[in-house]
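This report refers to the structure that appears directly beneath it.
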Amino acid sequence: MADEIIGMSGVIQVTQLMTGQHNLLIRAVGRDDEDITRLAERIDGLQLEINDESLVRTEHTAALDFVKVTDDAAVE
177 MADEIIGMSG
187 VIQVTQLMTG
197 QHNLLIRAVG
207 RDDEDITRLA
217 ERIDGLQLEI
227 NDESLVRTEH
237 TAALDFVKVT
247 DDAAVE
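Numbered continuously in this note's numbering, the sequence shown closes out at residue 252.
The following block contains the structure:
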């Protein structure tokens, strides 16, 4: 199922958890609400039970600044 979903336009990440009913996390992007609605309808057509849905407007990240990588790729 995850292989089919990752091939859909707009899907950028699919994570399949080891156990539980809520074991598939899908991250997708779209230009507008219509893109997201269209993608959600395609996913819904796969006979998945959708337990939760969240729409993210913005996301902020910061690079780690306390990790130093040495020549042997070990993290200090």
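All residues carry an ideal CB built from backbone N, CA and C; glycine is no exception.
### Query
Is the Cβ-Cβ distance between Asp228 and His198 less than 9 Å?
With respect to His198, Asp228 sits close: the two C-beta atoms are nearer than 9 Å.
*Excluding the 5 residues preceding and the 5 following Ala178 in the sequence, name in chain order all residues of the same chain whose CB lies nearer than 6 Å to its CB.*
Annotation for Ala178: Val190 and Gln192 place their beta carbon closer than 6 Å to its own, counting only its chain and skipping 5 residues before and after.
Find the nearest neighbour of Ile212 within the set Val187, Ala239, Glu180 and Gly196, judged by alpha-carbon distance.
Of the listed residues, the one whose Cα sits closest to Ile212 is Val187.
**Request:** Jot down the residue ranges of each uninterrupted alpha helix (DSSP H) in the segment 195-246, minimum 4 residues, whole runs only, in chain order.
**Result:** Given a length threshold of 4 residues, each whole run of the alpha helix (DSSP H) inside the segment 195-246 is given here in chain order: 209-220.
message = Using C-beta distances below 8 Å, list every residue in its chain close to Leu224, excluding the 5 sequence neighbours before and after it, in chain order.
response = Met177 and Leu200, listed in sequence order.
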